[in-house]
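Below is one structure, written out as structure tokens, with a few remarks after it.
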Amino acid sequence: MYFVENPQEEHSTQMIVLTNLRCPTLSDYRWYKDMFLTYVLRRQYCNVGIWKEKFISELSNLFSQRIFRKLKEIIGSENIPYQNITYGQLFAFVKEQGLALCEELKIQSKYNSEKRQSRRELGCFCEAFGLEKVQAPSSKHKRQIKNFQKKRFNPNKSWYQTSPKYYQKCKPKKYSRK
Numbered sequence: 000m001y002f003v004e005n006p007q008e009e010h011s012t013q014m015i016v017l018t019n020l021r022c023p024t025l026s027d028y029r030w031y032k033d034m035f036l037t038y039v040l041r042r043q044y045c046n047v048g049i050w051k052e053k054f055i056s057e058l059s060n061l062f063s064q065r066i067f068r069k070l071k072e073i074i075g076s077e078n079i080p081y082q083n084i085t086y087g088q089l090f091a092f093v094k095e096q097g098l099a100l101c102e103e104l105k106i107q108s109k110y111n112s113e114k115r116q117s118r119r120e121l122g123c124f125c126e127a128f129g130l131e132k133v134q135a136p137s138s139k140h141k142r143q144i145k146n147f148q149k150k151r152f153n154p155n156k157s158w159y160q161t162s163p164k165y166y167q168k169c170k171p172k173k174y175s176r177k
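Take the sequence shown: its position 33, counting from 1, is numbered 32 in numbering that gives the first Met the number 0, and each next residue is one higher.
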């Protein structure tokens, strides 16, 4: 009988991986969930509440805060009873909140695009009647900065044109046919 590795070392390695496991973005959620379950369910005390709390806390920062806040709202107290929540319920809740966040972001994006469009239309309308365009003071400053940054490199400058020939691209030789 051959032993590949000492079980105690494997156990400590799994613990290290489990404590350092993070989900940096929501696009990595599926991978994070699979890895978390793989390592947690190998442990004897996998249903302890600390692992469920750790699963939520290692999601991206703002999203984990949102999950904690929503769980506290639903339960109605500051203390969340993790021992009463199953992993399936927890994963379903996280998925539901992720989809709700996506919908909110889509609505916000649509609202912002409509807001820009209406501001453009209002500006054209005001200019048509001889009024000044409605524009925030900060946007004027941003536009000035953008225009300044665009003028940094000008290939028509004399120092650029007088550069030595070895900086220019090689042109292919033309062969004459005989």
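All residues carry an ideal CB built from backbone N, CA and C; glycine is no exception.
Values in this document were obtained by computation on a predicted structure and should not be read as measured data.
- Rounded to the nearest angstrom, the gap between the Cα atoms of Ser26 and Arg118 is 34 angstroms.
- Looking at Ser76, Leu17, Phe67, the one whose alpha-carbon comes closest to that of Met34 is Leu17.
- Counting other Cβ atoms within 10 Å of its Cβ, Cys45 stays below 16 and is therefore classed as exposed.
- When the beta-carbon positions are compared, Leu58 and Cys22 come within less than 8 angstroms of each other.
- CA-to-CA, the gap between Trp30 and Thr37 works out to about 11 angstroms.
- Taking each of Ser112, Glu120, Asn111, Ile55 in turn and checking the Cα distance to Tyr28, the smallest one comes out for Ile55.
- Note on the segment 42-96: whole alpha helix (DSSP H) runs with a minimum of 4 residues are 48-56, 60-74, in chain order.
- Within 10 angstroms of the beta-carbon of Ile66 lie 16 or more other beta-carbons, which makes it buried.
- When rounded, the separation of the alpha-carbon atoms in Asn78 and Leu20 is 24 angstroms.
- Taking the Cα of Val47 as reference, the smallest distance to any Cα among Tyr86, Asn111, Thr24, Gln7 is reached at Tyr86.
- Rounded to whole angstroms, Gln96 and Tyr81 show a C-alpha spacing of 18 angstroms.
- In the three-state scheme derived from DSSP, where H, G and I count as helix and E and B as strand, Cys22 is classed as coil.
- Nearest Cα to Lys51 within the set Gln7, Ala91, Phe62, Ile84: Ile84.
- Residue Leu89 holds the alpha-carbon nearest to the alpha-carbon of Lys53 among Lys71, Leu89, Leu104, Glu120.
- Of the residues Arg42, Thr24, Lys32, the one whose Cα lies closest to the Cα of Thr12 is Arg42.
- Residue state for Leu40 is assigned as coil, using DSSP reduced to three classes.
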